[in-house]
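A.B. asks:
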Amino acid sequence: MSYLRLGVNIDHVATIRNARGGPHPDPVHAAQLAADASADGITAHLREDRRHILDDDVERLIRDIDLPLNLEMAATEEMLGIALRHKPHAVCIVPEKREELTTEGGLDAAGQHTRLVRFCDELGAAGCRVSLFVEADPKQLEAAARLHAPVVEIHTGSYCETEGDRQKHELHRIVEAARLCDELGLECHCGHGLSFNTVGPIAAIPNITELNIGHFLIGDAIFGGIKSSIKQMRAIMDSARASGTGQANS
Ligand code: PXP
Numbered sequence: 002m003s004y005l006r007l008g009v010n011i012d013h014v015a016t017i018r019n020a021r022g023g024p025h026p027d028p029v030h031a032a033q034l035a036a037d038a039s040a041d042g043i044t045a046h047l048r049e050d051r052r053h054i055l056d057d058d059v060e061r062l063i064r065d066i067d068l069p070l071n072l073e074m075a076a077t078e079e080m081l082g083i084a085l086r087h088k089p090h091a092v093c094i095v096p097e098k099r100e101e102l103t104t105e106g107g108l109d110a111a112g113q114h115t116r117l118v119r120f121c122d123e124l125g126a127a128g129c130r131v132s133l134f135v136e137a138d139p140k141q142l143e144a145a146a147r148l149h150a151p152v153v154e155i156h157t158g159s160y161c162e163t164e165g166d167r168q169k170h171e172l173h174r175i176v177e178a179a180r181l182c183d184e185l186g187l188e189c190h191c192g193h194g195l196s197f198n199t200v201g202p203i204a205a206i207p208n209i210t211e212l213n214i215g216h217f218l219i220g221d222a223i224f225g226g227i228k229s230s231i232k233q234m235r236a237i238m239d240s241a242r243a244s245g246t247g248q249a250n251s
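The number in our numbering is simply the position in the sequence shown, starting from 1, with 1 added.
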């Protein structure tokens, strides 16, 4: 049985901090607590509008936290410069629109090959493990392989936001996508919208190696603390992976 890594996305600790403009609560402190709770990595999205994570947070996450950092960023020249300066362990390229509340939909790796190829090459040459955040769509996975991205992260938003037969259909697409990743030689990660209720069936898919989870964990942490929320998520992931099943909306 392969190990399933948990990357904790700490963006929304920064959202709360920025609501008042001071230093509290500090996302880097949250990252330290996530490390203490045995998270396998930290994920942070440096957005163009700096609505949550700030440049100084990225610097401190790299300097002060021992876990690997997965930096999510749009494919812009500004972000490429920042990533090449800091050389985080991993860079996940995401689509970004200023007006969106969160990352809506996956990257069009197929339609933007010419634009993305330089980002993948330069980040890869700098030693960053490049991942592309895409929908569970064979066309996008094949495009990621053509871009020589070693990793894709499958967008689980549609699966998390639906119920019943529709959710089963979305889950099936993710299972098939993970299988295709194996054939294409892509490491398969998943993320977006995952919660205690939805994580099981995704964690049970054996060819997925990492989940990146943020908003639900940070929200749940308000009630019982971030370490407790991470440990509970870890336990659900481990049990689904061990049993090979996970009940959606159980
Ligand atoms: N993975 C990627 C690529 C994302 O953009 C996000 C949201 O920032 C996540 C995972 C985490 O999603 P959520 O905060 O809904 O758990």
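Heads up, the beta-carbon is just placed ideally off N, CA and C, and yes, glycines get one too. Model, not experiment: these values are computed from the prediction.
Tell me the DSSP bridge mates of M74?
C.D. replies: In the DSSP output, where bridge partners are listed per residue, M74 has I94.
A.B. asks: Under 8 angstroms, with one C-beta from each stretch per pair, do the stretch 231 to 240 and the stretch 186 to 193 reach the 3-pair mark?
C.D. replies: They do not touch, by the three-pair rule.
A.B. asks: What are the start and end residues of each continuous beta strand (DSSP E) run of 3 or more residues lying completely inside the stretch 120 to 158, in chain order?
C.D. replies: For the stretch 120 to 158, whole beta strand (DSSP E) runs of length 3 or above, ordered along the chain, are 130 to 135, 152 to 156.
A.B. asks: Here's the rule I'm using: 16 or more other beta-carbon atoms within 10 Å means buried, otherwise exposed. How should F224 be labelled?
C.D. replies: The residue is exposed, with fewer than 16 neighbouring Cβ atoms inside 10 Å.
A.B. asks: Check the DSSP bridge columns for T44 and list the partner residues they point to.
C.D. replies: Paired residue(s): N10, N71.
A.B. asks: Using DSSP's beta-bridge definition, name the partner residues of C182.
C.D. replies: Answer by DSSP bridge pairing: none, since C182 is not bridged.
A.B. asks: Since H190 is in the beta strand (DSSP E), which residue starts that stretch and which ends it?
C.D. replies: Element bounds for H190: 188 to 192.
A.B. asks: Count the CB pairs spanning the stretch 77 to 85 and the stretch 101 to 112 that are closer than 8 angstroms, and state whether there are at least three.
C.D. replies: No, the stretch 77 to 85 is not in contact with the stretch 101 to 112.
A.B. asks: Taking 7 angstroms as the cut-off, is the CB of N10 close to at least one heavy atom of ligand 2?
C.D. replies: As far as ligands go, the structure on display features ligand 1 and does not contain ligand 2.
A.B. asks: Measuring only the C-alpha atoms, how far is I175 from P202?
C.D. replies: Spanning the two alpha carbons is a distance of roughly 10 angstroms.
A.B. asks: What did DSSP end up calling L212 once you bin it into helix, strand or coil?
C.D. replies: The answer is strand: DSSP assigns L212 an E or B state.
A.B. asks: How long is the line joining the alpha carbons of L47 and I54, rounded to whole angstroms?
C.D. replies: If you take the alpha carbons of L47 and I54, they lie about 5 angstroms apart.
A.B. asks: Rounded to a whole number of angstroms, what is the C-alpha to C-alpha distance between L181 and A146?
C.D. replies: Near 11 angstroms, if we compare the C-alpha coordinates of A146 and L181.
A.B. asks: Give the secondary structure of D109 by DSSP, where H, G and I count as helix, E and B as strand, and everything else as coil.
C.D. replies: Three-state result, D109: coil.
A.B. asks: Apart from the five residues just before and just after L62, which ones in its own chain have a Cβ nearer than 7 angstroms to its Cβ?
C.D. replies: The answer, listed in chain order, is V29, A32, I43, A45, L70.
A.B. asks: Assuming C121 and L85 form a contact by the criterion Cβ under 8 angstroms, report the distance between their Cβ atoms to the nearest whole angstrom.
C.D. replies: Rounded, the Cβ-Cβ distance is 13 angstroms, inconsistent with contact.
A.B. asks: In terms of residue numbering, what span does the alpha helix (DSSP H) encompassing L5 cover?
C.D. replies: L5 -> no alpha helix (DSSP H), and no H or E assigned at all.
A.B. asks: Which class does R61 belong to by DSSP, given the choice of helix, strand or coil?
C.D. replies: Residue state, collapsed to three classes: helix.
A.B. asks: Quick check on the burial criterion: 16 or more other C-beta atoms within 10 angstroms. Buried or exposed for S244?
C.D. replies: Classification of S244: exposed, given that the 10 Å Cβ count is below 16.
A.B. asks: Ignore the nearest five residues each way along the sequence and tell me which others in A178's own chain have a CB closer than 7 angstroms to its CB.
C.D. replies: Within the same chain, A178 has close Cβ partners A137, L142, I155.
A.B. asks: Compare the C-alpha of S230 against each of M2, D27, A40, S3 and name the closest.
C.D. replies: The candidate whose alpha carbon is nearest that of S230 is A40.
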